[in-house]
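Chemist: Using our numbering, the first residue of the sequence shown is number 897, and each one after it goes up by one. Beta carbons are placed, not taken as given, at the ideal position from N, Cα and C, and that holds for glycine. Handing you a structure now.
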Amino acid sequence: MTKIYKANESFCVWHGAGNCDNTTSDLREALHIQADLIADGHEPVYILDQNDIVVDGPYRKRLRINVQQLTALLSSPGDEDLVGLYSVEFSQYLRDRKSLRQEKLAEAALNIFRARHGIEHGERFNIEVVDPFGRVIEADADFTDFCEGAVEKMAEPLTFFVDDAIKPGSALETVQRVASVQMQDVVGDYDVPATVPEWSWVEEHASYKHLKNGERGTWEFVLNLSCEYTGDMGRLAPVINEALSLGVSYLIIHQGT
């Protein structure tokens, strides 16, 4: 079973002229609220965490180190200070390696933490890597590349699990999650794709394209959601945010006309 911790942070959804009337400790809920406000025509709409950091695409891909104390007796007085939730800042070398899977980055994060604090997962501590949604990321111990970076304690450790953690093998848990959407369901009916701004954005940012599918020539585009996208996503923004909150890796967008 995939372990998911309950968050101990605070997220505020801002919209309009500095209105923050939606606060939650659940990042998924914050993203849902943001998507609803965007769909209702509010702009701008953005999320800030408790440290006033904007929750954007790169933020949702950050990894943290969760360190819990397992024994009442620790080997040194300083060990107690190591317990907590740590942010991880990777070196530019690792940030530039866009194709690295989360499992490899999780091992890199653990190596950085061990180098800074000299402690291991074992009898004294439970040390895990989690994403901003509280999901525990299993580290790939075979990843042995040079790892450099920094860690900084940001909060108390996560200690409680979400009751409905997703089971591997269920409909929502695959090696790589894939979702699909018809563009008409996002922007409404249209006859000429070139007149839809969202299509121009998709064509520019798609990682994969299937440009011929049967007699009608239905086109399909695949977005790799691990990429850092720029530009105006228009009405696709809440769709992509929803996919990210569900842990989707690839989003297939069908032209459908």
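What residue does the beta strand (DSSP E) around I1148 start on, and which one ends it?
Modeler: 1146-1150
Chemist: For the alpha helix (DSSP H) containing Q930, list its first residue and its last residue.
Modeler: Segment 923-935, the alpha helix (DSSP H) holding Q930.
Chemist: Let's see if you can read the secondary structure: which residues bound the beta strand (DSSP E) around W910?
Modeler: 907-911
Chemist: Quick one: grab the DSSP three-state call for N915.
Modeler: When secondary structure is reduced to three states using DSSP, N915 falls in the strand class.
Chemist: By DSSP, does I961 sit in helix, in strand, or in coil?
Modeler: strand
Chemist: Shortest alpha-carbon distance to E1124 belongs to which of K957, C908, W1095, N904?
Modeler: Answer by Cα proximity: K957.
Chemist: Considering just the uninterrupted stretch of the beta strand (DSSP E) at L981, what are its terminal residues?
Modeler: 980-986
Chemist: Would you report the Cα separation of L959 and F1057, rounded to the nearest angstrom?
Modeler: C-alpha separation (whole angstroms): 18 angstroms.
Chemist: Whose CA, out of E1024, A1004, Y1086, F1021, lies closest to the CA of F1042?
Modeler: A1004
Chemist: Output needed for S906: all residues of its chain with C-beta closer than 8 angstroms, excluding positions within five of it in sequence on either side, in chain order.
Modeler: T919, T920, S921, D945, Q946
Chemist: Measuring CB atoms only, is the region 926-935 touching the region 1130-1148, in the sense that at least three cross pairs come out at less than 8 angstroms?
Modeler: yes
Chemist: Smallest Cα separation from T1055: which of L923, G912, G980, G953?
Modeler: G980
Chemist: According to DSSP, V1047 sits in a beta bridge with which residue or residues?
Modeler: V984
Chemist: So does G937 have its beta carbon nearer than 7 angstroms to some heavy atom of the ligand SAH?
Modeler: As for the ligand SAH, it is missing from this structure, which has no ligand bound.
Chemist: Cα separation between F1039 and D936?
Modeler: Spanning the two alpha carbons is a distance of roughly 45 angstroms.
Chemist: Report all residues from its chain with a CB closer than 8 angstroms to the CB of S1145; omit the five preceding and five following residues, and keep chain order.
Modeler: Q1072, R1073, V1074, N1120, L1121, S1122
Chemist: When DSSP labels each residue in this structure, what does E1116 get in the three-state scheme?
Modeler: strand
Chemist: Give me whichever residues DSSP pairs with Y901 in a beta bridge.
Modeler: Per DSSP, the beta bridge partners of Y901 are F1057.
Chemist: Within the same chain, show all residues whose beta-carbon is closer than 8 angstroms to that of E1094, passing over the 5 residues directly before and after it, in chain order.
Modeler: M1079, V1082, V1083, M1129, G1130, R1131, L1132
Chemist: The beta strand (DSSP E) spanning N1022 covers which residue range?
Modeler: N1022 -> beta strand (DSSP E) spans 1021-1026.
Chemist: Roughly how many angstroms lie between the CA atoms of G914 and V941, to the nearest whole one?
Modeler: 9 angstroms
Chemist: Please return the same chain residues whose Cβ sits closer than 7 angstroms to the Cβ of P1053, not counting the five positions on each side in sequence.
Modeler: N962, V963, Q964, V979, G980, L981
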